[in-house]
Amino acid sequence: MTRHFNTETFRGDYTYHNSPEAIRRFPFPFDQDTYTYSVNIAPHPGGPTGSTFEFAFDVDEHYVSEMQDRAITLAEDPNRCQSLPHMELAGWDLLELIMVSKARDYPDLFTLNRDGDQWHWINRPLGIEQRFTFLDPATLPYGPLEYITRQTQGDFALLHERDRNLWLDAGMITSQADWSLDFDVGMNFFEWHAPVPKARQMGVFDKALKFLLAVEQQQAYRRLNWTMTVNPRLDTSPENYHKWGPEKRSITPQNVGQKQFLRVELQTFWRLPRSNALAFPIRCYLCCLEDLCTNPEWARRLHLVLRDIDPVLADYKGFAVNQKTIVEYLAGFSCV
Amino acid sequence: MKKLTLRVAEITALSPLVKRFRLIHPDGAPLPLFSGGAHITVDMPEGDLIRRNSYSLVSNPYDGAGYEIAVRREDRGRGGSLYMHTRVSEGDLLTVSAPKNLFQLDLRARKHVLIAGGIGITPFLSQLHQLDILQQPYELHYAAHSRSEAAGLTLLPDAPHIHLHISEEGSRMDLGAILDGQPLGSHVYTCGPDGLIRAVADQAARLNWPTSAIHSEAFTAPPPGEPFEVTIASTGQHLRVGADQSLLEALEAAHVPVDYSCRGGACGRCETGVSACNGQILHHDHWLSPDEQASQTKIMPCMSRFKGARLELDL
Chain A
1 MTRHFNTETF RGDYTYHNSP EAIRRFPFPF DQDTYTYSVN IAPHPGGPTG
51 STFEFAFDVD EHYVSEMQDR AITLAEDPNR CQSLPHMELA GWDLLELIMV
101 SKARDYPDLF TLNRDGDQWH WINRPLGIEQ RFTFLDPATL PYGPLEYITR
151 QTQGDFALLH ERDRNLWLDA GMITSQADWS LDFDVGMNFF EWHAPVPKAR
201 QMGVFDKALK FLLAVEQQQA YRRLNWTMTV NPRLDTSPEN YHKWGPEKRS
251 ITPQNVGQKQ FLRVELQTFW RLPRSNALAF PIRCYLCCLE DLCTNPEWAR
301 RLHLVLRDID PVLADYKGFA VNQKTIVEYL AGFSCV
Chain B
1001 MKKLTLRVAE ITALSPLVKR FRLIHPDGAP LPLFSGGAHI TVDMPEGDLI
1051 RRNSYSLVSN PYDGAGYEIA VRREDRGRGG SLYMHTRVSE GDLLTVSAPK
1101 NLFQLDLRAR KHVLIAGGIG ITPFLSQLHQ LDILQQPYEL HYAAHSRSEA
1151 AGLTLLPDAP HIHLHISEEG SRMDLGAILD GQPLGSHVYT CGPDGLIRAV
1201 ADQAARLNWP TSAIHSEAFT APPPGEPFEV TIASTGQHLR VGADQSLLEA
1251 LEAAHVPVDY SCRGGACGRC ETGVSACNGQ ILHHDHWLSP DEQASQTKIM
1301 PCMSRFKGAR LELDL
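Sequences listed follow chains A and B, in order.
1 is the number of the first residue of the first sequence in our numbering; add one for each residue after it.
1001 is the number of the first residue of the second sequence in our numbering; add one for each residue after it.
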C-alpha cells in the first residue's frame, strides 16, 4: 500500500488541509440533532475498514506534519511532556502497546523485532531506526513516554490508580483543547475536570470514574469529544493563549467556512499490564466547516446542534463569540 | 470481560492444604503480562452451576509463559477450593479471566513493607518478582501458625529482607517493631485475616502513618451460610440462594444479569440496590462503607448473604 503524507503546518501560515478521503473518514461526533453530555462509550478498536476506529492507533495523512509540529512545541516548552518518577513503568507499557499495535496494523510503515529485551524498531515515515533494551531508559534518547509519543499522533495522559481514584501523573500534551499538563499534573480525576461546567452536578464524573476504574486489560474503549477551533491549530494551550486567543476575533462571514474548524477528540482508554496504570490517548481531528458541509447530513445536523446548544457549553467550548456567524453560515446548507 | 481458556500444565502440593496450579496456553502462545498483586477469576462449572473464585497470581508477572495460582483447600467453604483440589487434574482446560489488580504496589513508595498472614502470602509472591525487577527496596514479613502450614515457604528466597514468623515456634510477629522506624515514604501492605489487617492499620495509625500509605487486600472466597430467598423487583421473581451458593451465583443461574469482577467483595462492580429489606443483610464485603452497610440499601451479591423475612433487589 502506498501512502501519502501531507506537507502542511498547524501554525503561522496554517497550510493544514484534508484530502477528500480524510473528509470522508472524519469522525463526525454527533449522532443526534441536539448535544448534551453523555459518556458515549464503545469498545475499541473496531470499525469499518478505512475508518478512524479500525486500528488501535490511527495513522493518517497528517502523521509526519503533526510530529513536526509536536517537536516545535516541545522545543519551545519542554514541560509539555512530564512523567512523575513512579510512572516510568507505565511509559514502557505504553511504548510496548503502541509499537506492537502499529507494527501489526501498518506493517508497511512500522516494524518491531523483539529478541527478549533487545528491541529493534523501524519507523519508516519518520526515518527512525532504533535498537534498545526494553525497560532500560539509558538505551533511548528520551524517556519511554516521550520517545514513543514523539512518534504517535494525539496527546497522551497516563493515569495512576490509587485510593479509588485516578491521578494524572504523566503525559505528553501538545494538541490540547485549552488545558495544561503543567498545571494539572498530579491532580486526581475530579480536580482536573473541575473546569467542566455542569457535569459534576449531573453525576457524569462519578459514573465516568467508576467506568474507568473497571477498565481491564485486553479490552479498551473509546469515546468522542468535540470543541471548535479557529484555524487548524493543534497547540491551543493556555500557555500560548496570547497566540491563538486573538485569532478567534478574525472570523467573518466571508472566511468562516475555511477558518472555523470542528475539533474532534477520539479518546481511548487502555489498562496497561505491568504498571496497572490507565493510558488515555486523546487524538485530535480537525475539519473546517466548508469541508464538513460537503456532506449534506453533517451540515444539517451541525447547524441544529450549534444553533440550539446550551449557552454555557458554547462558552466553555470557546465559540460563543462566533456562534452567530457559524450558525448563519451553516444555515445556508440546510435548506432541506 | 475477556476470558482465556488455559491448560493445567502442572499441579504441585506446596503444603498439606495448598496446591499450586500452573496454567499455560494450549497452543503455547504467550499470556498477557500483569502487575504484582493481580488475580484471575477461575470458572468452576458443576452441573448447571458455575462457581467463580478469584485467586492471586503467584508467578513472575513479566513472564507470559504461564500463570501460577496457589489454592488453599477450605473444607468448610462453599466448594470452590474443593473443586480445584479434587476435580482438576493436569491436562484439564480451565476458563479464567484476564489478570486484574486490586492490590497494586504504589510505586511512589521509598520502601515497601509487606505483611502476610497465612495464605495471604499469595499476592506478595508476584509483587516480590516485580520489586526485584524494579530494584525497589522492600521487606516481607510472613506469619504462619506452623512451618507445615507456611505454604509460601518453598516459593520464597532465603534472603535477609524476608522474615518468617512462626507462632508455634514462639516467633510471633511484633507489628510495632516492624513498623516503627521505617523510613519516611514507606508504604505497608497487608494480606491475610481481617484481624491482621486491622492490627496493622491500627499500629500504623498510632505511628502516624498517612492512610494513603496503608494498603490491604482481604478478599476471599464467598462464605457459605444458611439458604435464603430474594425477590427481583422488576419481575417479581423469587430466587432461592443455596447454602453453598453465593447470591451472585444464584442470580447468574437464574439468568439475572449482574456485572462483576473480583467476586471477593473488593472491586465494587456488582453493587446492587436493595428496594426492600425486612431482616438483616450479612455484609461480607470490603467495598461498602460502614454507613452504607448499616443503611441496608445496598448489597454486594458476590459475598453477602441475608437472614430475615424479605429481601428485594433493585434489579
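All C-beta atoms, glycine included, are put in the ideal place defined by N, C-alpha and C.
Closer than 7 angstroms by C-beta to residue i: which residues in its own chain qualify, once you throw out the five before and the five after it? Chain order, please.
i          : result
Asp-1285/B : Gly-1265, Met-1300, Met-1303, Ser-1304
Cys-1277/B : Gln-1296, Leu-1311
Report buried or exposed for residue i, applying the criterion of at least 16 other Cβ atoms within 10 angstroms of its Cβ.
i          : result
Pro-1099/B : buried
Tyr-1142/B : buried
Met-1044/B : buried
Asp-155/A  : buried
Pro-1157/B : exposed
Gly-1079/B : buried
Met-1/A    : With a pLDDT of 47 at Met-1/A, under the threshold of 50, the predicted position of this residue should be treated as unreliable, though the coordinate-derived value follows. Met-1/A comes out exposed.
Tyr-16/A   : buried
Met-202/A  : exposed
Glu-8/A    : buried
Arg-249/A  : exposed
Thr-1154/B : exposed
Lys-1019/B : buried
Val-312/A  : exposed
Ser-1146/B : exposed
To the nearest angstrom, report how far apart residue i and residue j are at their CA atoms.
i          : j          : result
Val-321/A  : His-303/A  : 16 angstroms
Asp-344/A  : Thr-1272/B : This structure cannot settle anything about residue 344/A, because the visible part of chain A is limited to 1 through 336.
Arg-1022/B : Trp-226/A  : 47 angstroms
Thr-1122/B : Arg-1052/B : 18 angstroms
Ala-1221/B : Arg-1076/B : 11 angstroms
Ser-1089/B : Arg-1073/B : 15 angstroms
Lys-1298/B : Asn-276/A  : 28 angstroms
Lys-210/A  : Phe-189/A  : 11 angstroms
His-86/A   : Leu-1239/B : 48 angstroms
Glu-21/A   : Pro-1257/B : 43 angstroms
Phe-53/A   : Leu-1164/B : 53 angstroms
Asp-115/A  : Ser-1234/B : 56 angstroms
His-1112/B : Asp-1132/B : 12 angstroms
Tyr-123/A  : Asp-182/A  : One detail in the question is off: residue 123/A reads as Asn in this sequence, not Tyr. If you take the alpha carbons of Asn-123/A and Asp-182/A, they lie about 29 angstroms apart.
Pro-45/A   : Leu-97/A   : 13 angstroms
Thr-1041/B : Cys-1262/B : 7 angstroms
Asp-184/A  : Ala-1218/B : 34 angstroms
Arg-370/A  : Tyr-1055/B : Residue 370/A falls outside the range modelled here, since chain A spans only 1 to 336, and no answer is possible.
Asn-165/A  : Ser-83/A   : 18 angstroms
Thr-73/A   : Phe-132/A  : 26 angstroms
Gln-1237/B : Asp-1314/B : 12 angstroms
Pro-1000/B : Arg-1007/B : Outside the displayed range of chain B (1001 to 1315) lies residue 1000/B, so it cannot be described from this structure.
Gly-1308/B : Gln-1280/B : 6 angstroms
Leu-1316/B : Ser-1216/B : A question about residue 1316/B goes unanswered here, because the residues of chain B that appear run from 1001 up to 1315.
Please confirm if residue i has its CB atom under 8 angstroms from at least one CB of chain D.
i        : result
Ala-56/A : Chain labels in this structure do not include chain D; the protein chains are A and B.
Less than 8 angstroms between C-beta atoms, sequence neighbours within five positions excluded: which residues of the same chain meet that for residue i?
i          : result
Leu-1049/B : Gln-1245, Glu-1249, Ala-1253
Val-100/A  : Leu-112
Val-215/A  : Tyr-221, Phe-269, Trp-270, Arg-271, Leu-278
Glu-290/A  : Gly-257, Gln-258
When DSSP builds the beta bridges, which residues end up paired with residue i?
i          : result
Leu-1282/B : Arg-1305/B
Val-1188/B : Val-1113/B, Ile-1214/B
Cys-284/A  : Glu-265/A
His-1141/B : Ile-1115/B, His-1163/B
Ala-279/A  : Leu-158/A, Trp-270/A
Ser-1056/B : His-1039/B
Ser-83/A   : Ala-170/A
Leu-1049/B : Glu-1046/B
Phe-1021/B : Ile-1011/B, Ile-1069/B
Please work out which residues of its chain come closer than 6 angstroms, Cβ to Cβ, to residue i, disregarding the five sequence neighbours upstream and downstream, and give them in chain order.
i          : result
Leu-135/A  : Trp-92
Val-336/A  : Low confidence applies to Val-336/A: its pLDDT is 48, below 50, so where it sits in the model is not reliable, and the reading given next is rough at best. So no residue of the chain qualifies.
Ala-71/A   : none
Thr-1005/B : Leu-1093, Thr-1095
Asp-261/A  : Checking the sequence, you will find Phe at residue 261/A rather than Asp. These residues qualify, in order along the chain: Thr-229, Pro-232, Leu-286, Cys-288.
Val-327/A  : Leu-306, Arg-307
Original post:
Residues in the stretch 152–166 of chain A with C-beta within 9 angstroms of chain B's C-beta atoms, listed in sequence order?
Top reply: Within the stretch 152–166 of chain A, the qualifying residues are His-160, Glu-161, Arg-162, Asp-163, Arg-164.
Original post:
Closer than 7 angstroms, Cβ to any Cβ of chain B: which residues of the stretch 274–295 of chain A, in chain order?
Top reply: Arg-274, Ser-275, Asn-276
Original post:
For the stretch 1051–1080 of chain B, which residues have a beta carbon sitting closer than 8 angstroms to at least one beta carbon of chain A?
Top reply: Pro-1061, Tyr-1062
Original post:
What residues in the stretch 188–204 of chain A bring their beta carbon closer than 8 angstroms to a beta carbon of chain B?
Top reply: none
Subject >> Contact residues within the stretch 1080–1103 of chain B, judged by C-beta distance below 7 angstroms to chain A >> reply: Ala-1098, Pro-1099, Lys-1100, Asn-1101
**OP:** Could you list the residues in the stretch 202–235 of chain A with a C-beta less than 9 angstroms from some C-beta on chain B, going in chain order?
**Re:** Lys-210, Leu-213, Ala-214, Glu-216, Gln-217, Gln-218, Gln-219
Original post:
Taking a cut of 7 angstroms between CB atoms, which residues from the stretch 59–91 of chain A lie near chain B?
Top reply: His-86, Leu-89
Subject >> Proximal residues, the stretch 1260–1282 of chain B versus chain A, C-beta separation under 7 angstroms >> reply: With the criterion set as a beta carbon lying under 7 angstroms from some beta carbon of chain A, the members of the stretch 1260–1282 of chain B are Ser-1261, Arg-1269, in sequence order.
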